[in-house]
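Student:
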Amino acid sequence: MEENILVTTTKLEKIFPCGFFDVMEHPPIHLVQEAYLGGPVQTRLIKIGSSKQMIKQRGRIKGSFVQGHIGRETDDFYSYYFGNDVSCRRNRPNHNDEGDIDPFFPPISIFNQNGRGSKKRGKRGFTDKEMQSAVKHILLNCPEIQSYVK
Numbered sequence: 001m002e003e004n005i006l007v008t009t010t011k012l013e014k015i016f017p018c019g020f021f022d023v024m025e026h027p028p029i030h031l032v033q034e035a036y037l038g039g040p041v042q043t044r045l046i047k048i049g050s051s052k053q054m055i056k057q058r059g060r061i062k063g064s065f066v067q068g069h070i071g072r073e074t075d076d077f078y079s080y081y082f083g084n085d086v087s088c089r090r091n092r093p094n095h096n097d098e099g100d101i102d103p104f105f106p107p108i109s110i111f112n113q114n115g116r117g118s119k120k121r122g123k124r125g126f127t128d129k130e131m132q133s134a135v136k137h138i139l140l141n142c143p144e145i146q147s148y149v150k
């Protein structure tokens with residue numbers, strides 16, 4: 001595969017001018033070697049930001065990093081065997097979930113989405129096409145409206 005990439009790149013250099021080749025045409029040459037050295041992809045796709053917070057021993061960063069990652073995976077695995085009364089990452093409510101639905105005025109089923117609006121709100125009206133699309137969506141997908149449609 002590595003040889004094929006080099007041959008293809010050489011052929012492209014004969015066809016296209018030098019201005020065509022920028023930084024993005026160069027990485028495939030090294031990606032094959034990185035795949036051989038790095039091993040399986042799932043061990044290299046760890047989110048660094050959240051994992052850096054788990055590092056406790058600054059003298060042994062690699063071991064602490066792996067230990068924190070294994071601990072997080074273990075927590076996720078065991079959370080499937082906990083009851084619903086135990087709070088864990090798997091059954092924690094969403095970030096925007098306020099959790100309070102008024103029982104006297106329940107929302108229509110298609111608008112029953114938990115959450116709150118964005119802080120950067122602005123007023124904007126619908127275009128005619130958007131309004132027709134919204135009305136059609138409500139008429140076709142809302143069971144509470146079906147009795148009025150007939």
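Taking the UniProt record's numbering, the leading residue of the sequence shown gets 1, the next gets one more, and so forth.
Each residue gets a CB set at the ideal place from its N, CA and C atoms; glycine is no exception.
Every value quoted in this text rests on a predicted model; they were computed, and no experiment measured them.
Under DSSP, the alpha helix (DSSP H) around residue 85 begins and ends at which residues?
Tutor: That residue, residue 85, is in no alpha helix (DSSP H); it is neither H nor E in DSSP.
Student: Rounded to the nearest angstrom, what separates residue 17 and residue 11 at their Cα positions?
Tutor: Rounded to whole angstroms, residue 17 to residue 11 spans 12 Å at the Cα level.
Student: Can you give the Cα-Cα distance for residue 123 and residue 89, rounded to whole angstroms?
Tutor: Approximately 35 Å, taken between the alpha carbons.
Student: Can you give me the start and stop residues for the alpha helix (DSSP H) that residue 144 sits inside?
Tutor: Per DSSP, residue 144 belongs to no alpha helix (DSSP H) and is neither H nor E.
Student: Taking only three categories from DSSP, how would you classify residue 108?
Tutor: In this structure, residue 108 counts as coil in the three-state DSSP scheme.
Student: Out of curiosity, what's the CA-to-CA distance linking residue 35 and residue 78?
Tutor: Cα to Cα, the separation comes out at about 31 Å.
Student: Do you know how far the Cα of residue 20 is from the Cα of residue 30?
Tutor: The straight-line gap from Cα to Cα measures roughly 19 Å.
Student: What do you reckon, are the CB atoms on residue 32 and residue 70 nearer than 8 Å?
Tutor: Contact: no.
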